[in-house]
Structure formats: C-alpha cells, structure tokens
Amino acid sequence: AQSVTQLDSHVSVSEGTPVLLRCNYSSSYSPSLFWYVQHPNKGLQLLLKYTSAATLVKGINGFEAEFKKSETSFHLTKPSAHMSDAAEYFCVVSDGVQGAQKLVFGQGTRLTINP
Amino acid sequence: DVKVTQSSRYLVKRTGEKVFLECVQDMDHENMFWYRQDPGLGLRLIYFSYDVKMKEKGDIPEGYSVSREKKERFSLILESASTNQTSMYLCASSLGSGNEQYFGPGTRLTVT
Numbered sequence: 001a002q003s004v005t006q007l008d009s010h011v012s013v014s015e016g017t018p019v020l021l022r023c024n025y026s027s028s029y030s031p032s033l034f035w036y037v038q039h040p041n042k043g044l045q046l047l048l049k050y051t052s053a054a055t056l057v058k059g060i061n062g063f064e065a066e067f068k069k070s071e072t073s074f075h076l077t078k079p080s081a082h083m084s085d086a087a088e089y090f091c092v093v094s095d096g097v098q099g100a101q102k103l104v105f106g107q108g109t110r111l112t113i114n115p
Numbered sequence: 001d002v003k004v005t006q007s008s009r010y011l012v013k014r015t016g017e018k019v020f021l022e023c024v025q026d027m028d029h030e031n032m033f034w035y036r037q038d039p040g041l042g043l044r045l046i047y048f049s050y051d052v053k054m055k056e057k058g059d060i061p062e063g064y065s066v067s068r069e070k071k072e073r074f075s076l077i078l079e080s081a082s083t084n085q086t087s088m089y090l091c092a093s094s095l096g097s098g099n100e101q102y103f104g105p106g107t108r109l110t111v112t
C-alpha cells in the first residue's frame, strides 16, 4: 500500500528566505507524486506533479520539487518565500490502480511566513 | 478551466438527519471522489466513482453512501448524521488514470 509522511506539521520562515517542506513516500512501484496547496477557506490547488519524466519538477508560483528514488523523498522548495505562500501544503502519492487512481494524502504542513 | 462546484459552503444539521452533499463538475471527467478533511489527518477518501452508476469504497466509507446517476454529478449521503461526521467535505474529479484531481471549495458540515 502507498503511504506518505510529511515530516513537519508546521514550518515558519521569514519573507524572502528559502522554503523547504519535506515529504517521504512509500510505494511498491514507480509512483506518481503531487503537491497540493490549500489557502484558508479555499479548495485544494495543484502545485506540481511528478509522473516519471524529469526528476526535478517545476510548479506554479516558483515552487519546485525533486524526486529522489534512493531516498524515497519528494521535498518541496522555493528560493524566496512570499507572504502569499502562507497556506497548508499536502504531499500526495497515487496508488497506481487502473481506473480512478486513488490518491493518498499526507497529513499536511502548515506554512507560516513572518514579515 | 475545470470547475467543481459543491452545493453548500456551510451546513448545520441535527443528529439523525439525512444529509445530502452535492457535487457537480463541468469537464466531462470520468472519475469523481469524496473526501473528508480533519485537522492533523489530511484528506481521507470516503467513496469514489469511475463511471456513471459505479462506486467504490474508499478508506472510510462507514456511515456514508453515494449516488452517481449522471456523469457530471456525484452525491454523498449521510443516512443518519452523527456528531463524529462533523468535518470539511471535499469533492474532486479527474479525467482518467494518471491525471491530477480538481477539487471543489468544500462543504463545512456541523452536526449538532
């Protein structure tokens, strides 16, 4: 079975400094991995996805993530945080089942940006 | 742009009531999903559907049922609401296997 562990429930950084949100996954085969963002009182929005092409994936709003198979990690980074990045972030793995392709969500990391 | 809409943003119901949560998507997606979101637990899959009139149990189906009579509409039903079903409910849809899911804005349900 697939699983995802987000290593930090809360991350706090200053505006203009780098962001690192950590995610480890468990999968019995080559997974598809996603990062979603949820701003307060809003639905989830896809930031980026990895589907076995390039290991460094670029997403929206300057975020990127690197797939490292040897470390079973898919950490999300951004060089310089902006106040508008304050939100909850979810690392997600697909279960690869044909058809509806269920997603398995991590517990979420709340990102706070300090002025 | 894909649009997933949910019938209510906020809902308050009493214990024992039958509750219907409606979800509609406008992009002809085959797959539709219902999740609940609780603090510290992330999103948990309740039910999903990969075709009209088809449904599959997710990870936490107990106390819920679903209906998909038309491709664009997927309903979540709480037959007899209980206080432990107080939660944020999110609907999503996707085009097919390997594709990302698009989420609605959510319905915050409170059962008193």
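Residue numbers (my numbering), protein chains in the order written: chain V, 1 to 115; chain L, 1 to 112.
For every residue, glycine included, the Cβ atom is placed at its ideal position computed from N, Cα and C.
In this text, all values refer to a predicted model and were calculated from it rather than measured experimentally.
Collapsed DSSP secondary structure at residue i in the structure displayed
i	result
V/ASN41	coil
L/THR83	helix
V/GLU84	Per the sequence shown, the amino acid found at residue 84 of chain V is Ser instead of Glu. In the structure shown, V/SER84 sits in a helix (DSSP, three-state: H, G or I).
L/ASN31	strand
L/ILE60	coil
Close beta carbons around residue i, own chain, < 8 Å, minus the five adjacent residues each side
i	result
V/VAL11	VAL19, LEU20, LEU21, THR109, ARG110, LEU111, THR112
L/MET27	VAL2, LYS3, SER93, LEU95, TYR102
Proximity of residue i and residue j at Cβ, strictly below 8 Å
i	j	result
V/LEU47	V/PHE63	yes
L/VAL111	L/THR83	yes
V/SER3	V/VAL104	yes
V/ALA81	V/TRP35	no
Own chain residues within Cβ distance below 6 Å of residue i, not counting five before or after
i	result
L/LYS71	VAL52
V/SER32	THR51, SER94
V/PRO115	GLU15
V/GLU88	GLN38, GLY108, ARG110
Alpha carbon of residue i to alpha carbon of residue j, nearest angstrom
i	j	result
V/LYS78	L/THR5	31 Å
L/LEU118	V/SER70	Any question about residue 118 of chain L goes unanswered here, given that chain L covers just 1 to 112.
L/ARG73	V/SER26	33 Å
V/HIS39	L/GLU79	31 Å
L/TRP34	L/LEU45	6 Å
V/ASN41	L/PRO61	25 Å
V/VAL148	L/GLY40	Outside the shown range of chain V, which is 1 to 115, sits residue 148 of chain V, and nothing can be said about it.
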